[in-house]
Amino acid sequence: MNIPLNKKKVLITGVSGQDGSYMVDYLLEKTDCEIFGMVRRLSNTNYSNLEESFNNSRFQLVTGDLSDSQSINKVVEKIKPDYFINLAAQSFVGSSWDLPEQTMDINAIGVLRCLEAIKRYCPNCRFYNAGSSEEFGDTQYKPQDEKHPLRARSPYGASKIAARQLVKVYRESFGIYAIQGILFNHESERRGEEFVTRKITKGIARIVKAIQNKEAFEPVRLGNMYALRDWSHAKDFVDGIWRMLNQPIMQVTDGVEHPLGTLCGSINHLLGDWEPKEYVLASGETHTVKEFAEIVAKEAGFEFTWVGAGSEEKMVLANYLNDISEVKSQVLIEVDPKYYRPAEVSLLLGDSTAARNELGWKPQISFDNLAKGMIKWDLYESGVTPQPTESACCHSSCECSK
Ligand code: GDD
């Protein structure tokens, strides 16, 4: 392990996943930090999201596992990071009913292991843990802000609430700059295929390819298409995370806050009455799964109609009822109750006013462009279309002004 002395060091877990890899891209571009990506020692590794980062000498992988405190201790003791960004998790809500213990172990006890390592080896390190709008569960009002009560509907939600409490305890007991943001859904072409957005874009791209080859195809099978989610692009969220980690430290004197500086380093013992804040990151729009599917199908060139209701509801090609012989199958999407969850979070809509006003954060990529960008990518990956042209700054769907 090559550990430089003169640069800020960032340790990121979950580095090969969507959020971790975007965090690496972001930090390589916007900072001069040295980045250590923590990965488990697996025989089957997929680092495709990190391919470009490997060309940068400021990025390296280290081995560690959230389920093993010794390995975390070793890594933290050796690197003594200035920032520790924990993006590793059992992040699929749907699996958390089948794997409740593993979910709790990684998402809650894993966080405890990180906090203990920080307390022991680098108490001045700034710690970020990935929190979730799933903690709000059966929501009481909309839009949901930082004050919304925590009312989990899944073992996943419960594990993130447990982690939030641990982060709070370590912040208050030991003066560690430890926070857990509240992130609403965030997607991209790096999203895992078990999540609904990528499942839809991959599935529709597969169908386009089958039709091109004049082959029959299976529909995309979904659960509850009426769940409402507040979706953003993951790229926008890593910027929000970094801003949350770099709040200026304030000193409270007679109830008035005075800035002490933004540098991390040996100032955590001065936190006193001041605490770093935990912010909601969200687009402020909510859409059904069905709306997402409609944008994707249109962008892929389909004309379609919906038939049936409830578990019989289907998206079919518009000329389905006229029986066209060229196309061998007609159903693009259908409901399969096996994807219904034992308990659903029906409505998520985030209020990120505080992050926008206090951190200067603002998402750049709209829901519409997120969905279009993802299907364009998957059409390309399926070999249906040429590679989408990336805009100068970041992504084919990016709306930022650069
Ligand atoms: N995965 C999946 N598969 N979800 C489906 C399907 C399906 O076939 N059909 C309908 N859905 C519905 C789910 O029931 C849920 O209401 C919604 O689509 C979104 O599901 P996911 O994409 O799996 O995401 P999530 O909202 O459960 O959780 C994501 O967002 C959280 C933040 O709110 C994950 O990224 C979590 O890790 C994250 O914390």
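When we follow the working numbering, the leftmost residue of the sequence shown carries the number -15, and every step to the right adds one. Beta carbons: idealized from backbone N, C-alpha and C, even for Gly.
Any chance the CB of MET358 is under 7 Å from a heavy atom of the ligand GDD?
Numbered from its first residue, the sequence shown carries residue 358 at position 374. For MET358, the CB stays at least 7 Å from every heavy atom of the ligand GDD.
Counted within 10 angstroms of its Cβ, other Cβ atoms place ARG25 as buried (16 or more) or exposed
As a first step, residue 25 must be located in the sequence shown, where it is residue number 41. Exposed.
Flag this pair as yes or no: are the beta carbons of LEU167 and ALA101 separated by less than 8 Å?
Working through the sequence shown from its first residue, we reach residue 167 at position 183. Working through the sequence shown from its first residue, we reach residue 101 at position 117. In this structure, ALA101 does not lie closer than 8 Å to LEU167 by Cβ.
As assigned by DSSP and simplified to three states, the class of THR29
What you label residue 29 is simply residue 45 of the sequence shown in a count that begins at 1. Of the three classes helix, strand and coil, the one that applies to THR29 here is coil, per DSSP.
ASN30 versus ASP335: straight-line alpha-carbon distance, rounded
Reading the sequence shown from its first residue, position 46 is the one you call residue 30. Reading the sequence shown from its first residue, position 351 is the one you call residue 335. Computed Cα separation, rounded: 35 Å.
Residues in the same chain with beta-carbon distance under 7 Å from VAL368, minus the five sequence neighbours each way, listed in chain order, please.
By one-based count along the sequence shown, residue 368 stands at place 384. Once the five neighbours on either side are set aside, the close Cβ partners of VAL368 are ALA189, VAL192, LYS193 and GLN196.
Is DSSP giving GLU278 helix, strand or coil here?
If you number the sequence shown from 1, residue 278 lands on position 294. In the three-state reduction of the DSSP assignment, GLU278 falls in the helix class, which pools H, G and I.
First and last residue of the alpha helix (DSSP H) that includes MET88?
Mapped onto the sequence shown, residue 88 falls at position 104. The continuous alpha helix (DSSP H) containing MET88 extends over residues 84 to 88.
Segment contact, 8 Å Cβ cut-off, at least three pairs: the stretch 292 to 302 with the stretch 155 to 170
Counting C-beta pairs with one atom in each stretch, the stretch 292 to 302 and the stretch 155 to 170 have fewer than three that are closer than 8 Å, which means they do not touch.
Sort GLY294, SER117, VAL59 and PHE179 by Cα distance to SER267 and report the nearest one.
One-based indexing of the sequence shown puts residue 267 at position 283. Across the set GLY294, SER117, VAL59 and PHE179, the C-alpha of SER117 shows the shortest separation from the C-alpha of SER267.
Please check the pair ARG227 and ASP320, which I expect to be a contact at CB under 8 Å, by giving their CB distance rounded to whole angstroms.
Indexing the sequence shown from 1 puts residue 227 at position 243. Indexing the sequence shown from 1 puts residue 320 at position 336. At roughly 40 Å, the Cβ-Cβ gap does not stay under 8 Å, so ARG227 and ASP320 are not in contact.
Spatial neighbours of LEU333 within its chain, please: C-beta separation below 6 Å, excluding the five flanking residues on both sides.
Sequence index remark: in the sequence shown, residue 333 carries index 349 (1-based). Same-chain partners within the cutoff: LYS126, PRO127, ASP214 and THR270.
Tell me whether TRP81 sits in a helix, a strand or coil according to DSSP, three-state version.
In the sequence shown, residue 81 corresponds to position 97, counting from 1. The DSSP-derived three-state label of TRP81 is helix.
Check whether the Cβ of LEU332 lies closer than 7 Å to any heavy atom of the ligand MN, and answer yes or no.
What this structure holds is the ligand GDD, not the ligand MN.
Nearer than 7 Å: is that true of the beta carbon of MET299 relative to any heavy atom of the ligand GDD?
Position 315 of the sequence shown, counted from the start, is the residue given in the question as residue 299. Short note on MET299: C-beta not closer than 7 Å to any heavy atom of the ligand GDD.
Grouping DSSP H, G and I as helix and E and B as strand, with all else coil, what is VAL368?
Taking the first residue of the sequence shown as position 1, residue 368 is located at position 384. In this structure, VAL368 counts as coil in the three-state DSSP scheme.
Does the ligand GDD have even one heavy atom less than 7 Å from the beta-carbon of LEU167?
The residue you call residue 167 lines up with position 183 of the sequence shown. Distances between the C-beta of LEU167 and the heavy atoms of the ligand GDD include at least one below 7 Å.
Burial state of ARG104 (16 or more Cβ within 10 Å)
The residue you call residue 104 lines up with position 120 of the sequence shown. Residue environment: ARG104 is assigned as exposed (fewer than 16 neighbouring CB atoms within 10 Å of its CB, all protein chains considered).
Close-in-space but distant-in-sequence residues of the same chain around GLY344 (CB under 8 Å, 5 per side omitted):
Residue 344 sits at position 360 when you count from the first residue of the sequence shown. Result list for GLY344: ARG227, in chain order.
Between which residues of its own chain and ALA339 is the CB-CB distance below 8 Å, once the five residues before and five after are set aside?
Here residue 339 corresponds to residue number 355 of the sequence shown, with the count starting at 1. Once the five neighbours on either side are set aside, the close Cβ partners of ALA339 are GLY224, ARG227, MET228, TYR263, VAL264, LEU265 and TRP345.
Pick out whichever of ILE(-4), LYS(-7), TYR6 and LYS(-8) has its Cα sitting closest to the Cα of HIS217.
One-based indexing of the sequence shown puts residue 217 at position 233. Considering only alpha carbons, the answer is TYR6.
Please work out which residues of its chain come closer than 6 Å, Cβ to Cβ, to ALA55, disregarding the five sequence neighbours upstream and downstream, and give them in chain order.
Counted from its first residue, the sequence shown places residue 55 at position 71. This sequence places Ser at residue 55; Ala is not what is there. Hits under 6 Å: GLY48 and ASP49.
Would you kindly report the start and end of the unbroken beta strand (DSSP E) that includes THR47?
The residue labelled residue 47 in the question sits at position 63 within the sequence shown. Run containing THR47: 43 to 47, per the beta strand (DSSP E) assignment.
Does the Cβ of GLU118 lie closer than 7 Å to at least one heavy atom of the ligand GDD?
Here residue 118 corresponds to residue number 134 of the sequence shown, with the count starting at 1. Answer for GLU118: yes, Cβ within range of the ligand GDD.
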